[in-house]
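Q: FYI, in my numbering the residues of the sequence shown are 468 to 583.
Glycine included, every Cβ here is placed at the ideal spot set by N, Cα and C.
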Amino acid sequence: QVQLVESGGGLVQTGGSLRLSCAASGIMFSSYPMSWYRRAPGKQRELVATITIGGSTNYADAVKGRFTISRDNAKNTVVLQMNDLKPEDTAVYYCATARFMPPVHWGQGTQVTVSS
């Protein structure tokens, strides 16, 4: 049974930082590319960042230079470090396996709220 469990969301002021973590179980984590998505109120789900099994990364234009995705295969964890947060970053953030599109496995999501 695959489980992805996100943590680290919360309320932060504009310009602040948050670190989201996603702990995976039930999969051979090191063989899966991983992604972070977000869904803001009234908007469609958006791909935020992806990390390949080799550690290469890709980011949405809206977060380039502010967000960093990383993975720790020893801990079966993928992390999204978010700096210089803006109100438009307010959303529910989800981690997902990225071997297939659309992703097959999703976490339950963690709320990020950025106050102005």
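Taking the beta carbon of residue 486 as the centre, do at least 16 other beta carbons fall within 10 Å, making it buried, or is it exposed?
A: As a working note, residue 486 is residue 19 in the sequence shown. Exposed.
Q: So for residue 551, helix, strand or coil by DSSP?
A: Sequence index remark: in the sequence shown, residue 551 carries index 84 (1-based). Coil, per DSSP.
Q: Suppose only complete runs of 3+ residues qualify. What are the beta strand (DSSP E) ranges in the segment 516 to 582, listed by chain order?
A: Whole beta strand (DSSP E) segments, 3+ residues: 524 to 526, 534 to 539, 544 to 549, 558 to 564, 577 to 582.
Q: Look at the alpha carbon of residue 471 and the alpha carbon of residue 557, and state the distance between them as a whole number of angstroms.
A: Position 4 of the sequence shown, counting from 1, holds the residue named residue 471. Position 90 of the sequence shown, counting from 1, holds the residue named residue 557. If you take the alpha carbons of residue 471 and residue 557, they lie about 21 Å apart.
Q: For the segment 523 to 540 against the segment 566 to 578, are there 3 or more C-beta pairs whose distance is under 8 Å?
A: No, the segment 523 to 540 does not touch the segment 566 to 578.
Q: Given this structure, state the Cα-to-Cα distance separating residue 504 from residue 548, to the nearest angstrom.
A: Within the sequence shown, numbered from 1, the residue matching residue 504 stands at position 37. Within the sequence shown, numbered from 1, the residue matching residue 548 stands at position 81. In a straight line, the C-alpha of residue 504 is about 13 Å away from that of residue 548.
Q: Give me, in chain order, the residues of the same chain whose beta-carbon lies closer than 6 Å to that of residue 519; leave out the 5 immediate sequence neighbours on both sides.
A: Position 52 of the sequence shown, counted from the start, is the residue given in the question as residue 519. Once the five neighbours on either side are set aside, the close Cβ partners of residue 519 are 500.
Q: Is residue 502 near residue 544, with beta carbons less than 8 Å apart?
A: Translated into the one-based positions of the sequence shown, residue 502 becomes position 35. Translated into the one-based positions of the sequence shown, residue 544 becomes position 77. No, they are not a contact pair.
Q: Taking just the CA atoms, how far does residue 491 sit from residue 537?
A: Position 70 of the sequence shown, counted from the start, is the residue given in the question as residue 537. Position 24 of the sequence shown, counted from the start, is the residue given in the question as residue 491. Answer to the nearest angstrom: the Cα atoms are 14 Å apart.
Q: Let's test the definition: count the other Cβ atoms within 10 Å of the Cβ of residue 481 and tell me whether it reaches 16, buried, or not, exposed.
A: Within the sequence shown, the letter at position 14 stands for residue 481. By the 10 Å Cβ count, residue 481 comes out exposed.
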